[in-house]
Amino acid sequence: RKSTLNPNAKEFNPRSYAQPK
Amino acid sequence: QGPLTATMLSSASPEEQKEMLGERLFPLVRSIQPTKASKITGMLLELDNSELLHMLESPESLRSMVDEAIGVLQAHQAEE
Chain A
3 RKSTLNPNAK EFNPRSYAQP K
Chain B
8 QGPLTATMLS SASPEEQKEM LGERLFPLVR SIQPTKASKI TGMLLELDNS
58 ELLHMLESPE SLRSMVDEAI GVLQAHQAEE
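If you read the protein sequences in the order shown, they are chains A and B. Residue numbering for the first sequence is 3 to 23, as defined by the numbering used here. Residue numbering for the second sequence is 8 to 87, as defined by the numbering used here.
Structure (structure tokens):
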């Protein structure tokens, strides 16, 4: 089965959590 | 902060709905896969909101979708 997930999707950067480097 | 519900989402714009879902999903994704949580959360957010709400309530469903996303990313990187 081919996945419906898209590896080129835009990253989600949450407002409420510090981004790990 | 209780569980996110379809009713809560229905009062928001489509962009806000994804933002609300992403804010809930991100820490869960990060606990499963710390290094690519932003990318994986972004991939999951392209799925239907009903499916995302289900994943928030079902750790097993979320984990299996995160595992799938990791596989898709690895296959994609191998192609490049």
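Backbone N, C-alpha and C define an ideal beta-carbon position, used for all residues, glycine too.
Buried versus exposed, by CB contacts within 10 Å (16 or more), Met15(B): exposed
Proximity of Asn8(A) and Met50(B) at Cβ, strictly below 8 Å: yes
Local conformation of Arg17(A) per DSSP, three classes: coil
Three-state secondary structure assigned by DSSP to Glu60(B): With the sequence shown as reference, residue 60(B) is identified as Leu, and Glu is not the correct amino acid for it. Note: Leu60(B) maps to helix in three-state DSSP.
Distance between Thr48(B) and Ala11(A) (C-alpha atoms, nearest Å): 9 Å
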